[in-house]
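Going by the numbering used here, the sequence shown opens with residue 1101, and the numbers climb by one from there. By construction, the Cβ of each residue, glycine as well, lies at the ideal position given by its N, Cα and C atoms. Model, not experiment: these values are computed from the prediction. See structure below.
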Amino acid sequence: MLEGFWYIAAESCHIRPGRLVGTTLLNHPLVLFRDRSRTVHALEDRCPHRGVPLSAGWHEGDSIRCRYHGWRFASSGSCVEVPSLADGLPPTSTCARSYSVQEQDGWVWVYIDHDPGAKPITAPPLLPSASKAGRLSTARASVRINARMDFVVDSLVDPAHVPFVHNRFFRQKRIAKLKEKEFTRLPLGFRTVSEKTQLPNTFVFRILGAGAKEATTSVDFFLPGIHLETLQVGQRFGSIMLIATPLTSETTRLDITVGWNFLQWLAPFSRLLVRLTARTTLGQDRAILELQEQGNRQTSTMNVGLEMDTLAVWYRRLKKYHLNQQAGMSNLEHPVPERTTLRWIT
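If you want it as structure tokens, here you go:
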């Protein structure tokens, strides 16, 4: 699991005022809550006194109180009250670890690093801005998958599974064709852009295309596990961002945000339709990935010697490249070629 990145902790609407929400990111137990100004905060979900989860306690204004001995912690993590002390003043060194938090695109992002004092130097990734695409409608969905992070990310960069796992909505096996994609390097990922791509004759693309035959598409992947796909058909624009988040070494959450700038007059209906489609798609991914995890419990085997597996190989090499950077190694060679062409049938 890669630290030093922003990860999605929850959907913003799930962090309601007065509520404590416990979750786990990269084996870090967290409690999320809003203060009086509705700003979201994240603390380690563990009282430093006896280790009881703070999410089992009470929300009090801008602070939370442990239900065991009533210790109260500010949103910064500082302990501000110990009721059993004669003077009520806690030791200044007593605190719960706090994490950097940012709300964006309807998600609560938390920065996870092994160093408690580390601060993020970048913001969480953004969906394409409204200035580029006009007004965007958005829909979100999430699924918890009982499979390791690497398997989930493999599926994000694997085009070959789509006709078999998602054929109902996207590409159908009977109309699969040879594709050639040119890839370029990103600092911690890779990109492909295709102009005048022929649209598949499937339900989702018929809605987006509205009779058009060609589109401009781009697909970015970057660490720790983010897939961003955009599709432009004339003035119509759509985007899909898939984000994989390791909860533990054996469980992963997969979140999706879909954005589009057309059929605004049908926004309530189209948002419901897109959300249902997204949930179905994530459910299909969960089913196959949990089968993969089941098949690899005793011995993990990965046959990645084919051209269709190149992107999964790049992902693993990018992980190693990033870890070596964090370790202070210099003169490292980027694992992705500056420019290369790959071919597969989907």
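Residue i - containing alpha helix (DSSP H), residue span
i	result
residue 1130	Not the alpha helix (DSSP H): residue 1130 falls in the beta strand (DSSP E), residues 1128-1134.
Cutoff 8 Å: residue i Cβ touching any chain B Cβ
i	result
residue 1432	Among the chains in the structure shown there is no chain B, since it carries only a single protein chain.
Residue i, enclosing beta strand (DSSP E) - first and last residue
i	result
residue 1125	1121-1125
residue 1383	Counting along the chain, residue 1383 falls outside any beta strand (DSSP E), though it belongs to the alpha helix (DSSP H) covering 1367-1395.
residue 1360	1352-1360
residue 1349	Note, residue 1349: premise wrong, no beta strand (DSSP E); not H, not E.
residue 1150	Element bounds for residue 1150: n/a, residue is neither H nor E.
residue 1444	1439-1445
residue 1319	1314-1322
Assigned secondary structure, residue i (DSSP; H/G/I helix, E/B strand, else coil)
i	result
residue 1344	strand
residue 1137	coil
residue 1112	helix
residue 1261	helix
residue 1448	The structure shown does not extend to residue 1448, since the chain is modelled only from 1101 to 1446, so the question has no answer here.
residue 1415	helix
residue 1107	strand
residue 1363	coil
residue 1398	coil
residue 1430	coil
residue 1332	strand
residue 1281	strand
residue 1327	strand
residue 1143	strand
residue 1288	coil
Alpha-carbon to alpha-carbon, residue j and residue i
i	j	result
residue 1376	residue 1341	16 Å
residue 1372	residue 1194	47 Å
residue 1125	residue 1215	15 Å
residue 1142	residue 1334	42 Å
residue 1359	residue 1189	50 Å
residue 1411	residue 1432	20 Å
residue 1223	residue 1251	26 Å
residue 1151	residue 1213	21 Å
residue 1387	residue 1247	10 Å
residue 1241	residue 1353	11 Å
residue 1369	residue 1113	20 Å
residue 1173	residue 1211	20 Å
residue 1162	residue 1385	39 Å
residue 1395	residue 1182	50 Å
residue 1293	residue 1139	38 Å
residue 1225	residue 1326	9 Å
residue 1267	residue 1228	27 Å
residue 1236	residue 1261	29 Å
residue 1198	residue 1280	47 Å
residue 1117	residue 1144	19 Å
residue 1337	residue 1134	34 Å
residue 1322	residue 1166	39 Å
residue 1146	residue 1153	4 Å
residue 1439	residue 1413	16 Å
residue 1450	residue 1443	Look at the range of the chain in this structure, 1101 to 1446, and you will see that residue 1450 is not part of it.
residue 1180	residue 1156	18 Å
residue 1265	residue 1110	26 Å
residue 1332	residue 1361	10 Å
residue 1420	residue 1363	43 Å
Expected contact under 8 Å - CB spacing of residue i and residue j to nearest Å
i	j	result
residue 1207	residue 1201	At roughly 11 Å, the Cβ-Cβ gap does not stay under 8 Å, so residue 1207 and residue 1201 are not in contact.
residue 1148	residue 1196	6 Å
residue 1104	residue 1426	6 Å
residue 1282	residue 1441	5 Å
residue 1285	residue 1318	Incorrect: roughly 14 Å between the Cβ atoms, too far for contact.
residue 1164	residue 1277	Between residue 1277 and residue 1164 the Cβ distance is about 56 Å, and since that is not below 8 Å, they are no contact.
residue 1351	residue 1416	Contact doesn't hold; Cβ gap of about 20 Å is too wide.
residue 1132	residue 1108	Residue 1132 to residue 1108, Cβ: 11 Å. No contact.
residue 1101	residue 1249	6 Å
residue 1220	residue 1106	7 Å
residue 1422	residue 1288	6 Å
residue 1339	residue 1330	5 Å
residue 1159	residue 1120	5 Å
Any non-hydrogen atom of the ligand GTP within 7 Å of residue i CB
i	result
residue 1333	The model on display carries no ligand, and the ligand GTP is accordingly not part of it.
**Unbroken stretches of the alpha helix (DSSP H), 4 residues or longer, contained in the region 1173-1258** = DSSP runs (the alpha helix (DSSP H)) wholly in the region 1173-1258: 1230-1233 and 1249-1256.
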